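Colleague:
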Amino acid sequence: MHPAPSVIIFTVFSGMGFGLLAFLGVGLPATSGWAAFFLWGLGYGLAVGGLLASTFHLGNPQRFLRAFTQWRSSWLSREAIASVGCLLALAPVALSDWLQLGWPRGLGLIGAALAVLTIFCTSMIYAQLKTIPRWNHWTTPALFMLFAGAGGAILAGQNGAGAVFSALLVAVLLTAFRIGDGAFAARAQTLGTATGLGIIGPVQGAVRVFEQPHTSPNYLMREMIYLVARKHVEKLRALALIGAGIGPALLLPLTPPTMMGFAVIALLHLIGAFAARWLFFAQAEHVVGLYYGQR
Amino acid sequence: MNTQPRLAPSHPIGDEVRRTTCYMCACRCGINVHMKSGEVAYIEGNRDHPINKGVLCAKGASGIMQINAPSRLRAPLRRIGPRGSGAFEEISWDEALALAVSWLKPLRETAPEKLAFFTGRDQSQSFTGWWAQAFGTPNYAAHGGFCSVNMAAGGIYTIGGAFWEFGQPDWDRTKLFILFGVAEDHDSNPIKIGLGKLKARGVRVVGVNPIRTGYNAVADDWLGITPGTDGLLILSLIHCLFQAGKIDLDYLAQFTNAPLLIVEDGPEAGMIMKNAESQPFVIDRTTGQPAPWDAKGVQPDLGAVYNGNRTVFQHMAQRYLAPEYAPEAVAGRCGIPAARIRQLAADLARIAFDEAIEIDQPWTDFRGNSHEKMIGRPVSFHAMRGISAHSNGFQTARALHVLQIILGSIETPGGYRLKPPYPKPVDAHPTPHFTAAAGKPLAGPHLGYVRHPEQLALKPDGSPARIDKAFTWDAPFSAHGLMHMLIPNAHAGDPYRIDTLFLYMANMAWNSSMNSGEVIKMLTDQGADGEYIIPRIIYSDAYASEMVAYADLILPDTTYMERHDCISLLDRPISEPDAAGDSIRWPVVEPDRDVRPFQSVLLDLGARLGLPPMVREDGAPKFKDYADYIQNHIRRPGVGPLIGWRGADGAQTGRGDANPNQLDRYIENGGFFQAHVPAAGAFYKPWNMAYQDWAVQTSLFESPQPYLFSIYSEPMRRFQAAAEGIGPHQPPEHLRETLKRAMDPLPLWYSPYQENGYTIHALTQRPMDMYHSWGSQNAWLRQIRGRNFLYIPTKIWREHGFKDGDFARVTSPTGEIVVPAAHMAALNENTVWTWNAIGKRKGAWALDEDAPESTTGFLLNHLISELLPDMGDGIRRSNSDPVTGQAAWFDLRVKIENAGPQLASSPAFAAIPRAVPQGKTRKAPQ
Amino acid sequence: MTSLPTHTEKRLGLAIDLDTCVGCQACVTACKGWNDQGYGAPLSDQDPYGAAPSGAFLNRVHSYEITAADQSAAVIVNFPRSCLHCEDAPCVPVCPTGASYKRVEDGIVLVNEDSCIGCGLCAWACPYGAREMDADMGVMKKCTLCVDRIYNDHLPEEDRVPACVRTCPTGARHFGDFADPESTVSKLSAARGGYDLMPDLGTRPTNKYLPPRRKDAPDLSAPLAPLLDIQATGFAGWLDKVLGKI
Ligand SMILES: Nc1nc2c(c(=O)[nH]1)N[C@H]1C(S)=C(S)[C@@H](COP(=O)(O)OP(=O)(O)OC[C@H]3O[C@@H](n4cnc5c(=O)[nH]c(N)nc54)[C@H](O)[C@@H]3O)O[C@H]1N2
Ligand SMILES: Nc1nc2c(c(=O)[nH]1)N[C@H]1C(S)=C(S)[C@@H](COP(=O)(O)OP(=O)(O)OC[C@H]3O[C@@H](n4cnc5c(=O)[nH]c(N)nc54)[C@H](O)[C@@H]3O)O[C@H]1N2
Ligand code: SF4
Ligand code: SF4
Ligand code: SF4
Ligand code: SF4
Ligand code: SF4
Ligand SMILES: [Mo]
């Protein structure tokens, strides 16, 4: 799949943002005053900024309100509703923390749950797609949740949780890489099965593309067919594992609770998350590529 | 729970439908043009139209992108810089026409042959030829000479009809269909409709073609023949059928010259024996005595020997029974296993004879014999340039007709059927007219069918009368002229120099020249005096093609929706086997540029030049425009360009006075007219009196023209005899041996290749979605096919270690190209190929200079040449069929190397300056 | 509404005959031409005369080569690809706006362009590449089964078929109701073994592909028997035999 910057930015930032909001919602850490303002602001900023970035991917962003209507069937619609619900639910809690109003934190728990739900919905947008075997797997929601968990925990200064999530992230990333690499093949879809010609063709044999249906590229090819060089993959995977997982997992328990320390780890995590997310898209192969002999 | 949007699917397409004729190719389908507020909104096929019955091809359905293409020329142009520099100024039509008159008038008054007027994709040849005849130049022809004259001439000289679009298989009845060397053909939609019918009935289709795409991809059996060897395959099939006695003796005896006798010895050796009345005769089986060939009740004896002279049939049998034509003997050369050849022969025999069909339709032949039924031999064939674009193509085309004849399948139910005005015997065609006289028209039409050496277009001193050397010993039967020799000959001043080259609708500076680079040089070459060797070039195109840059005066044409055209029975009509048909185009939109329909311009020019048929007594123009000509021109008494609604009241068909409302009647009827052949005349047309009488009535002939198929060609024997030294008309020495062989009166095969170490065959095919050079200006089509590859068979691909992305360096004896390579397995193992005319010159067609068409797109033409390399005797022979002069495009052989990955194809020509600005956006329908 | 109907009254779709399709691309431009002026926004083209022209098309024709495992010759199969109007269309439920829907009355899968936000998710969900985003309008385009032809009262009855079907010169495309076992498409599909694309994805396509017939399997068992041994009896013997004189 085409690794569109808007979607990568959206998922990475909003994941982190909702992760942070979830922590803040349950009161980890318990903050107040300008510290609260700053942390809640960061959470809202990342979440809303990410959501805004996602609209750059839309052909008609001005109609975005319509995306709230199809919660019965559409994970994207559910994500929209959950995210807005989360942002609304947490607003009074944030306000209360900042201005030290001492309002009850019940809404915070609801908001945190909605934040988790949002992340889950986001992940299901990808995980539901049978057309993209690499995504169509439990590792996709697991990854999204863990990224949100690790990212949120780091930003929330929850070193223990952050380290645990990061360590889990390493394990799930490795699993996702391993299973993902074989996912397409495991579906046993080939040009022969996609066209039926391998099974029912006029002769039995290997099917290949003779001529493309168009010599100039189209939407499908731009959107769904993306080839990454193997050497890039290896580097980026190392970067993802170390940056997003191994690094934070090792550093968090050692890091003194300074701003500087958090910032370094957060940045490290972010770089890793971007690498992982870029790979998530770039390496995902859509079955339509079969028709073009490119997957 | 499901509330789906309410849809209003019923919207009118436009406010009006205008029915006219498509023109992205020569198929000439009927189209319904849906108009919205005076603009074209949508084009679909006309269901009532005989050619396409509602369907359209990819080009036809994207006509809207053609008529709105930014490449359309906008106004007359006069060259102001050096030729090829693209420096033009826009001028008015009055200036343009005055300039043309100032060039042409002196020529007509002194030496009309100094004008060479050649037309390419012209669909009004009976009109342009008439104009050239009135001007008085012998130098007129259209594109047929480089296109498929072998197919036309091979057919006309044998069966009085041909493949191409002259006939079609009996799609509804045939039970086995064999296709030789066709990728698309002019009969594009009819062939596709026909194939669809066969597929629906589950009829077996056999494709004989080195390449398995398109029609050959859907064929049930594919014979991936080695290029140039079809003749051998066909003669081998004939061999098998003869050997097994599976031949239609009755058909041969009644309808062909098989029972005629051939003079064995003496000065007339090889001629058909004639009686005292100079008539050929047969031996009657019942009496054993000579009898007129066309008398009632005669039963011609195929096995007769008369005074030591044997029948054509015996000559044939003897030749084709020879072991050299056995499948085992030809298999290696053809690249087809002997068992497949034998099996194909067996299928042909089984279906033609064991699965024969009968139609309960009594009919009477020209001898007066009546027949209760029409017997059908339901095997059919079609063939085109894969056969004809080789230098043995004339004989191969003849061989294929002979194969059909011995099966008794031509003009019988289930077989191959001709379309009016065909069948038409070779003797009913004119012979060429070529004598130019100052200030005088030519005595008759330029093109024709030569029957005798004395009819060659030679001047008294034996030199060629025509600039293209058509109808000379170089190409005696060059019935369509030799457009590919025009520029090389004019440049060489051989046989003489010309002054003005007048071209219409032919992209000679690019894809229609055999060696584009050389031709470009010839067009710009200057003599010692600084004058261009070809002093003046006038060109009419509708678009900014490559050729535009090389003209001195451009007469911009309209597009096909902006003018009248006439698809006439005098020319290449739209007949069907069951009906004569003609049609028109008419202006469904007004031009938005300062352009004029070329035919009207030609009439205007003719009037300004004072050409008699174009001016009245008082010197005023006789025709207002082409529409006026279509309605009012009278070719022969009662006969004009169109056969429908003739006579002042429009009540007559075929013959009748001019009708001032004729075009309106055509428009009302969807742009076409059909005159139906009576049921009793539907088959056996060359011999069927019901057909012959109908044809006379419909104005196809002035009197019935029944004839026998010429298995044995006497005109050919006359030329062969001359080559043997017989008679007063003698060929030049260097052509004797070639003519002796090529002019064999019975079909034979000879290798079209010189053995020179170039062993890989290189071919082109027409893509179904592009028309030569002009599909690339179409915003939709160029997305589908904006670049081309050289397809390489598996063996060569592996041998040279090709990988995807590699380029191939391809060399021929005359050129080299480096082009993108691609692998193809369904391909003859010694053949490479590409799509024709995808490559474009930078700057042409209003495309970006980085357009894929001109960066990696390429032509094979840079490897081909009009003349073959010197074979050691100092003579560069023409790269064409020695009988017809047909350009031998497909004789090309090459060597291949892997050139690895490259960024662009070569040769890369410098950009040509733009005649119109580069296109940016496309116009969307309203 | 993006929930799929549990049942549609008709199942309109195409039967595409791969044994007959010559790959002429007529259906591609006929579809473009119709839909450029019909349902919804025109199908725009970007850089139409430039280096990388690219536009929205709703129907594309591929060309594949099958290299036989045995000695027989390789074959080429032309393969048109457009929306299959799946019964279990995965493109529909993913749509967040309800723009994508499957019609209850005839099973046609459509995009309501007025609601579409151009998120592209439906195109991701479609296994067959049947949806292309229009770059000018930012809305998702797809084959409408020419809904604005087949129900168009302004068209004569016989023209109420999709543009691609009407134009296909070989008649390789057939339109009809697969819910009616007596329809031409149902019968054709039954007779010729019409099959689904990627059935394992559970999309249950309505469109069926009719497989190419077996190729190059001539019966080599009955070659043409010579009349007699010409080498032995000579030409005269052959002539007598063929002309029925002996
Ligand atoms: N390598 C290779 N070369 C070949 C062939 C091949 O098989 N292989 N085939 C050969 C054959 S058979 C042929 S017939 C030739 C064809 O070659 P050409 O006869 O050159 O055909 P086109 O490229 O169609 O060019 C015709 C010209 O007509 C112009 N034109 C189009 N419409 C109109 C109109 O309405 N009015 C006017 N005035 N002009 C118009 C176009 O812009 C174009 O410049 O190519 C030959 N060249
Ligand atoms: N779409 C479209 N239609 C066109 C045209 C176009 O440009 N585009 N051009 C029109 C014109 S001008 C013409 S002349 C006609 C020509 O129509 P076709 O005769 O179909 O011409 P080509 O495309 O040159 O196809 C020649 C075929 O012969 C095969 N071939 C080559 N050598 C041999 C051989 O030795 N033996 C056999 N058996 N096959 C061989 C090639 O593989 C190819 O399939 O098409 C007309 N129709
Ligand atoms: S075959 Fe195509 S381009 Fe040619 S006339 Fe017919 S519709 Fe037009
Ligand atoms: S083919 Fe694709 S777009 Fe069409 S209904 Fe099926 S999933 Fe949806
Ligand atoms: S692109 Fe349009 S139709 Fe497709 S899922 Fe998004 S909103 Fe729905
Ligand atoms: S049914 Fe209509 S929209 Fe669908 S592919 Fe055919 S022409 Fe295009
Ligand atoms: S129009 Fe018909 S034959 Fe041509 S590509 Fe489409 S389906 Fe195939
Ligand atoms: Mo041609």
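Chains as they are written, first to last, in this note's numbering: chain A, 34 to 328; chain B, 720 to 1645; chain C, 143 to 388. C-beta: ideal position from N, C-alpha, C; glycine also. Note that the structure is predicted; figures quoted are calculated from it, not measured.
#1: Tell me the DSSP secondary structure of B:N1111 in three-state form.
#2: Taking the runs of the alpha helix (DSSP H) that are 4 residues or longer, which of them lie wholly in the stretch 915-966 of chain B?
#3: Is there a C-beta anywhere in chain A that falls below 8 Å from the one on B:G1505?
#4: Since B:A1442 and B:L1458 are thought to touch, with beta carbons under 8 Å apart, how far apart are those beta carbons, to the nearest angstrom?
#5: Contact check, C:Y293 vs C:L160 under 8 Å by CB: the rounded distance?
#6: So which residues on chain C does A:Y324 lean against when the C-beta distance must stay under 7 Å?
#7: By the criterion of Cβ-Cβ separation under 9 Å, what are the contact partners of B:P1571 in chain A?
#8: So which residues on chain C does B:C866 lean against when the C-beta distance must stay under 9 Å?
#9: Tell me whether B:P1183 sits in a helix, a strand or coil according to DSSP, three-state version.
#10: Of the choices C:R308, C:F377, C:R291, whose alpha-carbon is the least far from that of B:H730?
#11: A:L188 to A:A145, Cα distance in whole Å?
#12: Tell me which residue opens and which closes the beta strand (DSSP E) that B:C1285 is part of.
#13: In chain A, what lies closer than 9 Å to C:V281 by C-beta?
#14: Counting only Cβ pairs nearer than 9 Å, list the residues of chain C close to A:G238.
#15: Excluding the 5 residues preceding and the 5 following B:L1289 in the sequence, name in chain order all residues of the same chain whose CB lies nearer than 7 Å to its CB.
#16: Mark B:A1339 as exposed unless 16 or more other C-beta atoms lie within 10 angstroms of its C-beta, in which case mark it buried.
#17: Return no unless some Cβ of chain C is closer than 8 Å to the Cβ of B:N908.
#18: I need the residues with a C-beta less than 6 Å from some heavy atom of ligand 4; please give them in chain order.
#19: Can you pull out the residues from the stretch 833-854 of chain B whose beta carbon lies closer than 8 Å to at least one beta carbon of chain A?
#20: In the DSSP output, what is B:M1093 paired with across the bridge?
#21: Relative to the C-alpha of B:K1188, which candidate in B:L1582, B:P1626, B:E832 has its C-alpha closest?
#22: On the premise that B:T1417 lies in contact with B:I1362, defined as a C-beta separation below 8 Å, what is that separation, rounded to the nearest angstrom?
#23: Using the Cα positions of B:P1310 and B:A794, report the straight-line distance between them to the nearest angstrom.
#24: Mind pulling the chain B residues with CB within less than 7 Å of A:F243?
#25: Roughly how many whole angstroms lie between the Cα atoms of B:I1186 and B:D1193?
#26: With which residues is B:P1620 paired in a DSSP beta bridge?
#27: Assign B:V1024 to one of two classes, buried (16 or more other C-beta atoms within 10 Å of its C-beta) or exposed (fewer than that).
#28: Interface residues of chain C around B:K911 at Cβ under 7 Å?
#29: Would B:N721 pass as an interface residue toward chain C - the criterion being a Cβ-Cβ separation below 8 Å?
#30: With respect to the alpha helix (DSSP H) encompassing B:A1326, which residues constitute its N-terminal and C-terminal limits?
#31: Can you check whether the C-beta of C:T171 is within less than 8 Å of a C-beta belonging to chain B?
#32: Mind pulling the chain B residues with CB within less than 8 Å of C:I259?
#33: Taking the alpha-carbon positions, what's the B:G863 to B:S1089 distance?
#34: My understanding is that B:G773 touches B:G779, with C-beta atoms under 8 Å, so please give their C-beta distance in whole angstroms.
#35: Which residues in the same chain as C:Q373 place their Cβ atom closer than 7 Å to its Cβ, once the five residues preceding and following it in sequence are excluded?
#36: Hey, does C:F377 have any beta-carbon neighbour from chain B nearer than 8 Å?
Modeller: This is what the structure holds:
#1: Residue state, collapsed to three classes: coil.
#2: 933-937, 949-962
#3: yes
#4: 4 Å
#5: About 28 Å separates the beta carbons of C:Y293 and C:L160, which is beyond the 8 Å limit, so they are not a contact pair.
#6: H204, R223, G271
#7: T248, S249
#8: Here the premise fails: no neighbours, minimum Cβ distance about 21 Å.
#9: strand
#10: C:R291
#11: 15 Å
#12: 1284-1286
#13: Within 9 Å of the CB of C:V281, the CB atoms of chain A belong to G92, N93, in sequence order along the chain.
#14: Residues of chain C passing the Cβ test: I208, T209, A210, A211, D212, S214, A216, V217.
#15: S845, R1354, P1360
#16: exposed
#17: yes
#18: C:C225, C:L226, C:H227, C:C228, C:A231, C:P232, C:C233, C:V251, C:C268, C:Y270, C:A272, C:R273, C:K284, C:T345
#19: Those residues of the stretch 833-854 of chain B placed with their C-beta closer than 8 Å to a C-beta in chain A do not exist.
#20: Bridge partners of B:M1093: B:I1078.
#21: B:E832
#22: 6 Å
#23: 11 Å
#24: M1543
#25: 13 Å
#26: B:D1525
#27: exposed
#28: V164, C166, P311, T312
#29: At B:N721, the pLDDT of 49 sits below 50, so the modelled position is not reliable; the number obtained from the coordinates is stated separately. Cβ-Cβ to chain C under 8 Å: yes for B:N721.
#30: 1317-1328
#31: yes
#32: By Cβ distance, chain B contributes nothing, its closest Cβ being about 15 Å from C:I259, past 8 Å.
#33: 40 Å
#34: For a cut-off of 8 Å, the C-beta gap from B:G773 to B:G779 is around 11 Å, too long to register as a contact.
#35: Within the same chain, C:Q373 has no close Cβ partners at all.
#36: yes
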